[in-house]
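Residue numbering for the sequence shown follows numbering that gives the first Met the number 0, starting at 0 and increasing by one per position.
C-beta: ideal position from N, C-alpha, C; glycine also.
Because the structure is a prediction, the values reported are computed rather than measured.
In what follows, a single structure is set out as structure tokens and then discussed.
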Amino acid sequence: MEHIAAVLLIIGCSGDLTECVELPAPATVFETYEECRVERQPALKALWGRTDRVFGTCIPVDPALEDDYAEIVWKVHPDGKLEASVEKGETQVASNGHHP
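Right, dumping it as structure tokens:
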């Protein structure tokens with residue numbers, strides 16, 4: 000079974016950073032953080048020109064907890080710094096309320 004150790008996130012923004020969206024990376028999940036770092040720059044170059052500014056980061060993922068992650072949370076600050084993390088999902092238990 001393949002484990003995920005890093006996720007590549009690429010964000011495209013307007014020149015003034017007021018509007019930003021996630022851009023599709025050629026590959027988004029990696030078995031090692033280093034593999035993600037190697038692919039980050041070519042992925043950014045492939046997307047340059049789609050928006051005024053392009054940012055990318057590799058987000059580490061604990062392989063032992065990969066089934067617990069629910070979403071990527073990100074923000075581009077006014078100074079151009081991309082902050083991102085993979086957040087854990089909340090565990091939900093379903094019940095119909097009927098007990099025999």
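- Judged by their CB atoms, P59 and A5 are nearer to each other than the 7 Å cut-off.
- For E33, the uninterrupted alpha helix (DSSP H) run begins and ends at Y32 to L46, by DSSP.
- When DSSP states are grouped into helix, strand and coil, P23 belongs to the coil group.
- Distance from A24 to I3 at the Cβ level is roughly 14 Å; contact not present, criterion being Cβ atoms closer than 8 Å.
- Contact holds between the region 47-59 and the region 9-23, because three or more Cβ pairs, one in each stretch, are under 8 Å apart.
- The C-alpha of E38 is placed about 11 Å away from the C-alpha of T31.
- Straight across, the Cα-Cα distance linking T17 with V75 is about 9 Å.
- With a 10 Å radius around the Cβ and a threshold of 16 neighbouring Cβ atoms, V20 comes out exposed.
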